[in-house]
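As structure tokens, the structure follows; a few thoughts come after it.
Residue numbers (full-length UniProt numbering), protein chains in the order written: chain A, 1 to 626; chain B, 1 to 293.
Below, the structure written as structure tokens:
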């Protein structure tokens, strides 16, 4: 491992990247085993699409970047795996943080930043945190100007609710469907600006020489045609990788680590991969049906007063966090629930109870309509009875290492934003900050990329070399689609999810992580025997591509979790239970032909005003609320 | 693209001539009145379904594959699990029996609006419809009045076009620079007024259920009108823009086409009072056109 300081984040020359390009480390063919696939295929028929800026991903982050570009007079192309408006943002429920002070006028952005750093155990990129906290009030007013229908106080101001580990009521919301309402607003704005969107597209490799990108290769999921996107500016806004876990709150076919694998292979670095947020309250499959296992019960249930009880009817948070109770940080509450279940005080279905029935039924219906509706469809009235919950993999703090003022990754022309990147959240994320990051940083990135585009980027020519690189990918995709071995991608994905849940879950130790790495290698070997059913437009094929990226990211995650011999935030090592001040460094992963390399980098200090806020020691006092 | 003008194709794709049971699918409205609400009359309690299999009949059609161009119904028997939805059942059928079975789905929690099907004669969201609430065998068909692309997938372009006609985004005469933005006030009452309208997930169930839309391809349809309602009734948009919106709505194929049959309101999976919203916009349009002096 080599050490660098925070000032040394963008080395001009990086020998590893050049060698990476020479070795050709990207694409599906290099991620998974290759046997029984013909090498003589001609490759997919393909279309060439040129655009000044390609935005990969159409959730809140991608949409906000595209709006920034369009407002600067450019016409970017946004691509996504799903229909317009159907990105993962819609699953964000509880809210979005901004120090508006609607109800608590003592709040300001420095305290928002301080809460974020405390929750992130001071591993956050302080610049990222400060930019987000400072920009957010303006971003909320902007969303409001674009018609987002926030909940209101009696005098018509934007209402704000409590959220875990926040000193004041700072979380703006639209019932418990905030992400859905926000994405609808952003897409409305994008429509108004006539930003082109192409749906059902999956990108499987970036066209890169290790130092700069010149586009992306992928395929149309409905027609199976290859797609060569030629662009000198590519923005990755394709989400995180929490779906790599057995119990997770994402869709199975999203948040698989596409963005991270693509960036890594293109020459960028990944950071903080060992930090995966386990949300305390996921639905329990044994109780509500397997389809519901791990789905999120929004933190807003606790923010609105929900209480946790074990099977012995004990309000157990009194033992773990007498001051902040149910609203302590997510990692604290998740571990507390995990320990209660482990100690045999869980329900027979393997969870604990979350109860909001002491609140007025109409209030619950008004504040948590989606939860009420969902549980009602399962025959459960949450205004009258408790629900069963257990921790679930929810969000990945780690991702692509970027400069937050610009979105630059260190690879020319490649930018990243949103859950795809690392930095705002450090070792654990404050609820309500992920939606905040998407718009706060998305705007900056969009505006910066707009300044980086010049006239020659409008319709870049496609060189023979670029064609050759893309065609190699199209051949790999075609032969993967024809794979006729014995094991389906679904089986391997399920095994991978169980492996990570068991060995890189809420509680980790060296032996388990090593076992995880061994099992991962065995699993990778079996990809040589894949069977894809139904060709390029099938779900089976989509899952095979998902599997390829997931394996890459899983390995990086296991390796960094093994390397970090301390406990901090969401990363809890039972063999190193203490937080070690010497470990206040970020772990950076890069790729070359020899595999993955891990480097350490020091963390920069926050600015004076934020240091003052930290020194004040603001903290939520739960009993205040009762 | 015009889809409804291709009505003649529709009976071919909606009927299974060889199966007399399917005839009921031709008259969704009657069917619905018979059933009332979201729960079929003759269902089996969930406890009794435990360990049983569920019989589903799924509409199949693939214009591009020899031998599948003739619409038909395939029978699948799917093991019941507690909490199982129609979407779970067709996913099980696809993953276990026939990987070519095609339908749209995504979020599985009634947010993305991609899995509206015609289930036992009524437009419903696959992910929000409990198997235990349905009479078996469960017939699962594509949304009526839209061209079938393949199996349960219908062409949504016309629906989206109608949505775009009403300019479904917030408009403001003069938006200041971001730095000069001030928070606009909105009364809780006004927010309450538009709250239900903002729940639309663009699933197309309402349009598919509407007899008027079936006969008038240019009719904006309940979803688009509701979308316009959301903006027109929001006090934060100015009077001028509201008038502009009402002008779009009172055109020949706008609000006045609605004959208040309530079909859309009945099928809306998000319980939006669509018919009421259309009526209210009619009143607004009248008010705007009355000139006093």
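The beta-carbon is built from N, C-alpha and C at its ideal position, and this holds for glycine as well.
#### Entry: C-alpha distance - residue 525(A) paired with residue 452(A), whole-angstrom precision
Walking along the first chain from the start, residue 525(A) turns up at place 525. Walking along the first chain from the start, residue 452(A) turns up at place 452. Whole-angstrom Cα-Cα distance: 43 Å.
#### Entry: Cutoff 7 Å: residue 145(A) Cβ touching any chain B Cβ
Within the first chain, numbered from 1, the residue matching residue 145(A) stands at position 145. So, interface residue.
### Buried/exposed call for residue 277(B), threshold 16 Cβ in 10 Å
Locating residue 277(B) in the second chain gives position 277, where the first residue counts as 1. Result: buried.
### Where residue 90(A) meets chain B, residues with beta-carbon distance less than 8 Å
Reading the first chain from its first residue, position 90 is the one you call residue 90(A). Correct list: 107, 111 and 112.
### Task
Grab the span of the alpha helix (DSSP H) containing residue 201(A) for me, first residue to last.
The count along the first chain starts at 1 and reaches residue 201(A) at position 201. Premise fails: residue 201(A) lies in the beta strand (DSSP E), 201-208, not in any alpha helix (DSSP H).
### Message
Just to confirm, is the Cβ distance from residue 294(A) to residue 248(A) under 7 Å?
### Response
Position 294 of the first chain, counted from the first residue, corresponds to residue 294(A). Position 248 of the first chain, counted from the first residue, corresponds to residue 248(A). The answer is yes: Cβ separation under 7 Å.
### Task
Write down every uninterrupted run of the alpha helix (DSSP H) in the stretch 517-592 of chain A whose length is 4 residues or greater and which is fully enclosed by it, in chain order.
539-563
### Query
Are there three or more Cβ pairs, one per stretch, closer than 8 Å when the stretch 498-509 of chain A is compared with the stretch 329-339 of chain A?
yes
### beta strand (DSSP E) segment containing residue 168(A), residue limits
Within the first chain, numbered from 1, the residue matching residue 168(A) stands at position 168. Premise fails: residue 168(A) is in no beta strand (DSSP E) and is neither H nor E.
### Query
Where DSSP assigns a beta bridge to residue 97(A), which residues make up the other side?
Residue mapping note: residue 97(A) aligns to position 97 of the first chain, counting from 1. DSSP, once it has assigned bridges, lists 171(A) as partnering residue 97(A).
#### Entry: chain B contact residues for residue 157(A), given Cβ-Cβ distances below 8 Å
One-based indexing of the first chain puts residue 157(A) at position 157. Result: 183 and 185.
### Query
Just by C-beta distance, which residues in the stretch 279-296 of chain A are closer than 8 Å to chain B?
288, 289, 290, 291, 292 and 295
### Message
With H, G and I counted as helix, E and B as strand and the rest as coil, what does DSSP make of residue 53(B)?
### Response
Numbered from its first residue, the second chain carries residue 53(B) at position 53. Note: residue 53(B) maps to strand in three-state DSSP.
### Task
Would you tell me roughly how many angstroms separate the C-alpha atoms of residue 88(A) and residue 45(B), rounded to the nearest one?
Indexing the first chain from 1 puts residue 88(A) at position 88. Indexing the second chain from 1 puts residue 45(B) at position 45. Answer to the nearest angstrom: the Cα atoms are 34 Å apart.
### Query
Can you tell which of 233(B), 68(B) and 77(B) has the C-alpha that lies nearest to the C-alpha of residue 151(B)?
Translated into positions along the second chain, residue 151(B) becomes position 151. The option with the nearest alpha carbon to residue 151(B) is 68(B).
### Task
Using a Cβ cut-off of 9 Å, pull out every chain A residue sitting near residue 191(B), in sequence order please.
Numbered from its first residue, the second chain carries residue 191(B) at position 191. What residue 191(B) touches in chain A: 149, 150, 151, 152 and 156.
#### Entry: C-alpha distance - residue 191(B) paired with residue 89(B), whole-angstrom precision
Translated into positions along the second chain, residue 191(B) becomes position 191. Translated into positions along the second chain, residue 89(B) becomes position 89. Distance between the alpha carbons of residue 191(B) and residue 89(B) is about 38 Å.
### Task
Identify the continuous beta strand (DSSP E) that holds residue 391(A) and give its terminal residues.
Within the first chain, the letter at position 391 stands for residue 391(A). Residue 391(A) -> beta strand (DSSP E) spans 387-396.
### Query
Where does residue 611(A) fall in DSSP's three states?
For this step, residue 611(A) is matched to residue 611 along the first chain. The answer is helix: DSSP assigns residue 611(A) an H, G or I state.
### Task
Kindly say whether residue 546(A), judged by its beta-carbon, lies nearer than 7 Å to any beta-carbon of chain B.
Position 546 of the first chain holds residue 546(A). Residue 546(A) does not count as touching chain B.
### Query
Is it buried or exposed for residue 256(A), if we count other Cβ within 10 angstroms and need 16 for buried?
Counted from its first residue, the first chain places residue 256(A) at position 256. When all chains shown are included, residue 256(A) counts as buried.
### Query
Within the 7 Å Cβ cut-off, does residue 99(B) reach chain A?
Locating residue 99(B) in the second chain gives position 99, where the first residue counts as 1. For residue 99(B), the answer is yes, since a Cβ of chain A falls inside 7 Å of its Cβ.
### residue 271(A) - DSSP class collapsed to helix/strand/coil
For the purposes of this step, residue 271(A) is identified with residue 271 of the first chain, where counting begins at 1. Residue state, collapsed to three classes: strand.
### C-beta atoms of residue 667(A) and residue 164(A) nearer than 7 Å
Residue 667(A) is absent from the structure shown; chain A starts at 1 and stops at 626.
#### Entry: Own chain residues within Cβ distance below 7 Å of residue 576(A), not counting five before or after
Within the first chain, the letter at position 576 stands for residue 576(A). Counting only Cβ-Cβ distances below 7 Å, and skipping sequence neighbours, we find 565, 566 and 567.
#### Entry: Three-way DSSP call (helix, strand, coil) for residue 296(A) in this model
On the first chain, position 296 is the one that residue 296(A) refers to. Strand, per DSSP.
### Task
Pick helix, strand or coil for residue 480(A), following the three-state DSSP scheme.
One-based indexing of the first chain puts residue 480(A) at position 480. Reduced to three states, the DSSP call for residue 480(A) is helix.
### Message
So, for residue 212(A): in the same chain, excluding its five sequence neighbours on each side, which residues have a beta-carbon less than 7 Å away from its beta-carbon?
### Response
By one-based count along the first chain, residue 212(A) stands at place 212. Cβ neighbours of residue 212(A) beyond the five flanking positions: 411, 412 and 413.
### Task
Taking all protein chains shown into account, decide if residue 594(A) is buried (16 or more other Cβ within 10 angstroms of its Cβ) or exposed.
Taking the first chain and counting its residues from 1, one reaches residue 594(A) at position 594. Exposed, by the Cβ-count rule.
### Task
Note down, in chain order, each residue of its chain lying with its Cβ closer than 7 Å to the Cβ of residue 591(A), except the 5 sequence neighbours on either side.
For the purposes of this step, residue 591(A) is taken as residue 591 along the first chain, with counting starting at 1. These residues qualify, in order along the chain: 20, 25, 264 and 265.
### Query
With distances taken from CA atoms, which of 464(A), 227(A), 519(A) and 369(A) is nearest residue 198(A)?
As a position in the first chain, residue 198(A) is number 198, starting the count at 1. Residue 227(A) is the option with its Cα nearest to residue 198(A).
### 8 Å contact criterion, which residue 556(A) and residue 270(A) should meet: CB distance rounded
As a first step, residue 556(A) must be located in the first chain, where it is residue number 556. As a first step, residue 270(A) must be located in the first chain, where it is residue number 270. Confirmed, about 6 Å.
### Query
Could you give the uninterrupted runs of the alpha helix (DSSP H) lying entirely in the stretch 309-381 of chain A, keeping only those of 4 residues or more?
317-320, 330-342, 361-367 and 369-377
### Query
Is it the case that the Cβ atoms of residue 197(B) and residue 149(A) are separated by a distance below 7 Å?
In the second chain, residue 197(B) corresponds to position 197, counting from 1. In the first chain, residue 149(A) corresponds to position 149, counting from 1. Their beta carbons are not under 7 Å apart, which means residue 197(B) does not touch residue 149(A) by this criterion.
### Which of helix, strand or coil DSSP assigns to residue 503(A)
Taking the first residue of the first chain as position 1, residue 503(A) is located at position 503. Residue 503(A): helix per DSSP, three-state reduction.
#### Entry: Neighbourhood of residue 74(B) by C-beta distance below 6 Å, restricted to the same chain and skipping five residues each side
Here residue 74(B) refers to the residue found at position 74 of the second chain. Around residue 74(B): 58 and 60.
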